[in-house]
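Asker: First the structure, then my questions, so here it is.
Protein chains: 2
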Amino acid sequence: MTTTGTDRTGTRHEGAGRDAVALLDRAHAVVTPRLRADLATLPAPLRRVAMYHFGWEHADGRPAAGRAGKAVRPALVLASARALGGDPGAAVRAAAAVELVHNFTLLHDDIVDEDRTRRGRPTAWTVFGVPDALVTGDALQALALTVLAAERHPASAPAAARLGACVVELCAGQQADCAFEERHPRDVTLGECLAMAESKTGALLGCACALGALYAGAGEAEVAAMDAFGRQAGLAFQLVDDLIGIWGDPRRTGKPAGADLAAHKKSLPVVAALTSGTAEAAELAELYGRPDLDEKDVARAAGAVERAGGRDWAQAEAADRMARAVHGLSCAVPDLDAAGELLALAEFVTRRNH
Amino acid sequence: MTTTGTDRTGTRHEGAGRDAVALLDRAHAVVTPRLRADLATLPAPLRRVAMYHFGWEHADGRPAAGRAGKAVRPALVLASARALGGDPGAAVRAAAAVELVHNFTLLHDDIVDEDRTRRGRPTAWTVFGVPDALVTGDALQALALTVLAAERHPASAPAAARLGACVVELCAGQQADCAFEERHPRDVTLGECLAMAESKTGALLGCACALGALYAGAGEAEVAAMDAFGRQAGLAFQLVDDLIGIWGDPRRTGKPAGADLAAHKKSLPVVAALTSGTAEAAELAELYGRPDLDEKDVARAAGAVERAGGRDWAQAEAADRMARAVHGLSCAVPDLDAAGELLALAEFVTRRNH
Chain A
31 MTTTGTDRTG
41 TRHEGAGRDA
51 VALLDRAHAV
61 VTPRLRADLA
71 TLPAPLRRVA
81 MYHFGWEHAD
91 GRPAAGRAGK
101 AVRPALVLAS
111 ARALGGDPGA
121 AVRAAAAVEL
131 VHNFTLLHDD
141 IVDEDRTRRG
151 RPTAWTVFGV
161 PDALVTGDAL
171 QALALTVLAA
181 ERHPASAPAA
191 ARLGACVVEL
201 CAGQQADCAF
211 EERHPRDVTL
221 GECLAMAESK
231 TGALLGCACA
241 LGALYAGAGE
251 AEVAAMDAFG
261 RQAGLAFQLV
271 DDLIGIWGDP
281 RRTGKPAGAD
291 LAAHKKSLPV
301 VAALTSGTAE
311 AAELAELYGR
321 PDLDEKDVAR
331 AAGAVERAGG
341 RDWAQAEAAD
351 RMARAVHGLS
361 CAVPDLDAAG
371 ELLALAEFVT
381 RRNH
Chain B
31 MTTTGTDRTG
41 TRHEGAGRDA
51 VALLDRAHAV
61 VTPRLRADLA
71 TLPAPLRRVA
81 MYHFGWEHAD
91 GRPAAGRAGK
101 AVRPALVLAS
111 ARALGGDPGA
121 AVRAAAAVEL
131 VHNFTLLHDD
141 IVDEDRTRRG
151 RPTAWTVFGV
161 PDALVTGDAL
171 QALALTVLAA
181 ERHPASAPAA
191 ARLGACVVEL
201 CAGQQADCAF
211 EERHPRDVTL
221 GECLAMAESK
231 TGALLGCACA
241 LGALYAGAGE
251 AEVAAMDAFG
261 RQAGLAFQLV
271 DDLIGIWGDP
281 RRTGKPAGAD
291 LAAHKKSLPV
301 VAALTSGTAE
311 AAELAELYGR
321 PDLDEKDVAR
331 AAGAVERAGG
341 RDWAQAEAAD
351 RMARAVHGLS
361 CAVPDLDAAG
371 ELLALAEFVT
381 RRNH
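In structure tokens:
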């Protein structure tokens with residue numbers, strides 16, 4: 031078992047990291063054949079886009095050796111089922127359904143955000159065009175809910191209802207994200223941004239944990255507590271991700287320092303700074319008003335976010351969210367030993383210095 | 031009861047039409063409160079787009095007196111349940127789910143096809159922007175499948191699985207439609223076009239009938255026969271719609287004569303003409319190669335389609351599809367009296383001189 035806490039040694043970190051990597055690899059190995067079988071049922075033109083998006087085919091249809099993401103969500107489904115005394119094997123379809131939903135939102139978000147690169151490759155809409163990428167996203171959502179509806183397990187119907195409600199929340203989160211970009215930075219409150227991040231990132235991690243609990247036959251209170259665990263861990267993950275987007279080591283992130291600032295991204299530390307009412311807030315707003323920021327401007331912006339308290343706030347908020355996550359987990363799984371895998375996964379995704 | 035056949039009197043037509051209109055009005059009255067309750071569960075920014083799209087609100091949120099479509103699909107669900115001895119009241123959620131799916135595809139198709147008008151109003155994406163219209167479509171799909179998953183009826187799970195598979199087929203149909211527009215007209219075969227129309231239009235009408243049958247507790251063979259009925263009637267409807275798009279009376283259609291030809295639409299009669307290997311096929315291809323067609327060109331194009339046999343083919347094909355539809359129906363519902371409502375609906379949607 032691995033431990034978590036605010037004062038951990040490097041060795042312990044390594045241990046938890048190794049555990050988490052092993053869990054992710056195992057989830058990936060179990061869910062990939064299921065996902066491939068699901069995608070194989072799609073009509074050829076949609077399957078082609080999906081296989082490319084998952085990294086399993088090149089644009090011309092030749093097999094590719096890529097791996098789609100880290101399988102964090104499937105790993106959470108399976109580990110949640112196990113933590114609540116269920117058989118993770120019975121939850122593999124649910125794990126695949128969650129991953130299908132995740133990838134449907136990525137396909138659509140890339141269109142809406144006009145993002146041209148994902149996982150180091152051109153996004154699907156840039157390769158196959160907007161119409162094909164859009165309908166393939168639609169088909170992946172349908173496939174996710176069909177996969178659950180088609181199996182005969184007592185948890186299937188409540189899991190499908192929960193996953194459907196989660197999709198609505200993900201849509202609301204994406205809508206809010208786009209709407210905030212249109213508004214003046216100082217008109218968006220930190221509370222609105224946190225709620226948006228919870229919907230856009232936390233909701234699906236929470237749903238993954240809740241589905242695992244449902245497949246273990248857990249009661250309503252335990253399912254809700256597992257949802258809270260995943261949701262709060264997801265928010266902590268987003269805060270850490272935002273911190274890395276500004277202060278991450280370029281050698282580790284593969285992006286230049288302050289990449290999110292250069293892109294004028296209104297990430298959580300930035301919004302915290304902009305809404306701080308400090309002199310640095312005005313400085314930052316002025317910098318964000320410029321169409322282009324050079325290296326010196328980016329360094330100035332990072333300094334402004336830090337002096338306005340954005341960095342400290344995000345770090346404290348991430349710690350607070352992790353504490354809430356662990357509280358949710360302890361409600362659902364009082365036995366720390368049984369909760370070990372989930373703690374290792376939560377620690378892994380929120381540490382991110384890998 | 032109303033009768034159907036190839037040699038009907040005007041009076042009988044009127045009778046069937048009146049019956050069908052009454053059925054559609056009744057379905058509309060029953061399903062609308064359910065749909066409004068479903069939309070009310072959406073987060074406000076998505077609900078706003080959905081309420082506008084359904085014609086129930088103006089863009090600024092004021093209530094509108096509009097009516098979203100003719101409720102053909104909900105009427106088919108309810109009439110199918112009744113024809114197979116079921117309680118249509120138990121199938122109201124399924125009828126709403128089918129209508130939600132229909133409207134999700136309209137929202138996305140309008141984006142992909144860049145259509146600026148629907149039901150005489152600006153399309154949602156032109157009013158609220160592509161991101162909001164796209165995520166609202168996503169949310170309506172999720173809502174449709176959640177509505178089925180959340181109810182406790184033995185038909186819910188098979189209905190959700192069937193509706194999910196239908197969405198995948200609708201996506202494939204839309205993808206094919208877009209792909210055909212990119213290809214040279216003479217490279218698209220009539221068989222491909224018919225398959226596309228079956229996926230894009232027939233599949234959801236078939237699914238509506240199949241869902242009604244499932245909620246009546248029908249067996250697999252009956253459900254499949256009802257799907258075939260709706261699917262073939264849907265294809266007949268598309269063929270008639272395409273004929274009206276070329277030769278429809280402008281006073282009845284509200285569109286100028288030959289509107290589909292002026293828009294270079296590769297509708298089924300046009301593709302039949304283009305692939306006929308006749309001299310008129312070459313004439314039509316030449317006309318479709320021009321960026322703009324004036325009134326005289328449109329009349330010439332209509333003449334070419336007719337002389338190339340496109341009009342006769344479409345009329346014969348529509349009659350053949352209706353015959354297949356009636357055959358499917360008679361397999362599932364041997365009692366013609368019980369099948370009367372469905373025949374009236376099929377006749378109504380394929381006549382379309384109203």
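So the protein lines, in turn, are chains A and B. For the first sequence, the numbering used here begins at 31 and goes up steadily by one. For the second sequence, the numbering used here begins at 31 and goes up steadily by one. For glycine and all other residues, C-beta sits at the position ideal for the given N, C-alpha and C. All values reported here derive from a predicted model rather than from experimental measurement.
For residue 248/A, tell me which candidate among 110/A, 201/A, 368/A, 258/A has the shortest Cα-Cα distance.
Answerer: Checking every option, the nearest Cα to that of residue 248/A belongs to 110/A.
Asker: Please list the terminal residues of the continuous alpha helix (DSSP H) segment that includes residue 140/A.
Answerer: Its alpha helix (DSSP H) spans residues 122 to 142.
Asker: Give the C-beta separation of residue 186/A and residue 187/B to the nearest angstrom, bearing in mind that I take them to be a contact with Cβ-Cβ under 8 angstroms.
Answerer: Confirmed, Cβ separation roughly 7 angstroms.
Asker: Name, in chain order, the residues that DSSP records as bridge partners for residue 18/A.
Answerer: The structure shown has nothing for residue 18/A, since chain A only spans 31 to 384.
Asker: Return the chain-ordered list of same chain residues with a C-beta closer than 6 angstroms to the C-beta of residue 57/A, the five sequence neighbours on each side being excluded.
Answerer: Contacts found: 101, 104, 105, 108.
Asker: On the DSSP bridge list, what partners appear for residue 87/B?
Answerer: DSSP output for residue 87/B lists 93/B as bridge partner(s).
Asker: Can you confirm whether residue 164/B, when its beta carbon is compared against all beta carbons of chain A, has any partner nearer than 8 angstroms?
Answerer: Yes, residue 164/B lies at the interface with chain A (some Cβ there is under 8 angstroms from its Cβ).
Asker: What in chain A is Cβ-close to residue 223/B, meaning under 8 angstroms?
Answerer: What residue 223/B touches in chain A: nothing, since even the nearest Cβ is about 15 angstroms away.
Asker: Please name the residue in 74/B, 220/B, 380/B, 70/B whose C-alpha comes closest to that of residue 235/B.
Answerer: Taking only the C-alpha atoms, the option nearest residue 235/B is 380/B.
Asker: With residue 299/B and residue 341/B assumed to form a contact (beta carbons below 8 angstroms), what rounded beta-carbon distance in angstroms separates them?
Answerer: Right, their Cβ atoms sit about 6 angstroms apart.
Asker: Which two residues bound the contiguous alpha helix (DSSP H) that contains residue 257/B?
Answerer: Segment 250 to 277, the alpha helix (DSSP H) holding residue 257/B.
Asker: Determine, using beta-carbon pairs with one atom in the stretch 259 to 267 of chain A and one in the stretch 351 to 367 of chain A, whether at least three such pairs fall under 8 angstroms.
Answerer: Yes: at least three Cβ pairs fall under 8 angstroms.
Asker: Is the CB-CB distance between residue 82/B and residue 215/B below 8 angstroms?
Answerer: Not closer than 8 angstroms, so no.
Asker: Who are the near neighbours of residue 266/A in its chain, counting only those whose CB is closer than 7 angstroms to its CB and skipping five residues on each side?
Answerer: Taken in chain order, the residues that qualify are 348, 351, 352, 355, 380.
Asker: Might you give, ordered along the chain, the residues of its own chain that have their beta carbon closer than 7 angstroms to the beta carbon of residue 253/B, omitting 5 neighbours on each side?
Answerer: Result list for residue 253/B: 240, 243, 244, in chain order.
Asker: Hey, could you find the ends of the alpha helix (DSSP H) residue 191/B is sitting in?
Answerer: Segment 186 to 212, the alpha helix (DSSP H) holding residue 191/B.
Asker: Hey, would you say residue 295/A sits closer than 8 angstroms to residue 275/A, going by beta carbons?
Answerer: Result yes, Cβ atoms of residue 295/A and residue 275/A sit closer than 8 angstroms.
Asker: Compute the beta-carbon to beta-carbon distance between residue 126/A and residue 177/A, rounded to the nearest angstrom, for a pair I have assumed lies under 8 angstroms.
Answerer: Contact holds; Cβ gap of about 6 angstroms.
Asker: Just the chain A side, please: which residues come within less than 9 angstroms of residue 168/B by C-beta, in chain order?
Answerer: Chain A residues near residue 168/B: 134, 135, 138, 167, 168, 171, 197, 198, 200, 201, 204.
Asker: Which residues mark the beginning and the end of the alpha helix (DSSP H) in which residue 370/B is found?
Answerer: It spans 370 to 381 - the alpha helix (DSSP H) in which residue 370/B sits, taken as one unbroken run.
Asker: Run the CB neighbour count on residue 321/A, radius 10 Å, all protein chains shown included, and call it buried at 16 or more, exposed below.
Answerer: Exposed, by the Cβ-count rule.
Asker: What does a CB cutoff of less than 8 angstroms around residue 315/A pick up in its chain, not counting 5 residues either side in sequence?
Answerer: Contacts found: 215, 216, 304.
Asker: Would residue 330/B be called buried (16 or more neighbouring beta carbons within 10 Å of its own) or exposed?
Answerer: By the neighbour-count rule (16 or more Cβ atoms within 10 Å), residue 330/B is buried.
Asker: Tell me which same chain residues have a C-beta within less than 6 angstroms of the C-beta of residue 39/B, skipping the five on either side of it?
Answerer: Summary for residue 39/B: the model assigns pLDDT 35, below 50, so the residue's position carries little reliability, and this model does not support an answer.
Asker: Can you check whether the C-beta of residue 73/B is within less than 8 angstroms of a C-beta belonging to chain A?
Answerer: Yes, its Cβ sits closer than 8 angstroms to a Cβ of chain A.
Asker: Should residue 202/A and residue 73/B be called a contact, given that it needs their Cβ atoms to be closer than 8 angstroms?
Answerer: Cβ atoms of residue 202/A and residue 73/B: closer than 8 angstroms.
Asker: Alpha helix (DSSP H) containing residue 310/B: first to last residue?
Answerer: Run containing residue 310/B: 309 to 319, per the alpha helix (DSSP H) assignment.
Asker: Exposed or buried, which one is residue 112/A when buried takes at least 16 other CB atoms within 10 Å?
Answerer: The residue is buried, with at least 16 neighbouring Cβ atoms inside 10 Å.
Asker: For chain E, check one thing: does any of its Cβ atoms lie closer than 8 angstroms to the Cβ of residue 194/A?
Answerer: Looking for chain E here will not work: the only protein chains present are A and B.
Asker: Do you know whose CA, among 335/A, 79/A, 363/A, lies nearest residue 169/A's CA?
Answerer: For residue 169/A, the nearest C-alpha among the options comes from 79/A.
Asker: So what's residue 324/A in DSSP terms, helix, strand or just coil?
Answerer: In this structure, residue 324/A counts as coil in the three-state DSSP scheme.
Asker: Distance check for residue 312/B and residue 326/B, CA to CA, integer angstroms please.
Answerer: C-alpha separation (whole angstroms): 17 angstroms.
Asker: Just to make sure I have the definition right: I need the residues of chain A whose C-beta is within less than 8 angstroms of the C-beta of residue 161/B. Which are they?
Answerer: The contacting residues are 142, 204, 205, 208.
Asker: Under three-state DSSP, which class holds residue 244/B?
Answerer: Helix.
Asker: According to DSSP, is residue 50/B part of a helix, a strand, or is it coil?
Answerer: Residue 50/B: helix per DSSP, three-state reduction.
Asker: Under 7 angstroms Cβ-Cβ, which residues of chain B neighbour residue 180/A?
Answerer: Going along chain B in sequence order, the residues near residue 180/A (Cβ under 7 angstroms) are 191.
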